[in-house]
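Under UniProt numbering, read the sequence shown as residues 1 to 34, first letter to last.
Glycine included, C-beta positions come from ideal geometry on N, C-alpha and C.
On a predicted model such as this, the values are computed, not experimentally measured, just so you know.
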Amino acid sequence: MSARILVVDDSASMRQMVAFALTSAGFSVEEAED
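1. Compare the Cα-Cα distances from GLU31 to each of MET17, ALA25, SER24 and report the closest residue.
2. Please return the same chain residues whose Cβ sits closer than 6 Å to the Cβ of residue 61, not counting the five positions on each side in sequence.
3. Are the CB atoms of PHE27 and ALA3 nearer to each other than 8 Å?
4. What three-state label does DSSP hand SER13 in the structure shown?
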């Protein structure tokens with residue numbers, strides 16, 4: 001089971017970039033807008 005990480009930022013492109021990097025590293029990622 002992978003760790004879950006919540007990515008919160010105003011910028012959708014920043015959230016997507018961080019989420020992509022974390023997902024590629026094997027984490028489960030949830031995104032939310034600030």
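To lay it out plainly:
1. Walking along the sequence shown from the start, residue 31 turns up at place 31. Looking at the Cα atoms, MET17 is the closest of the given residues.
2. In the structure as shown, the chain begins at 1 and stops at 34. Residue 61 is therefore absent and cannot be evaluated.
3. Residue mapping note: residue 27 aligns to position 27 of the sequence shown, counting from 1. Residue mapping note: residue 3 aligns to position 3 of the sequence shown, counting from 1. In this structure, PHE27 places its C-beta atom within 8 Å of the C-beta atom of ALA3.
4. Numbered from its first residue, the sequence shown carries residue 13 at position 13. Helix at SER13.
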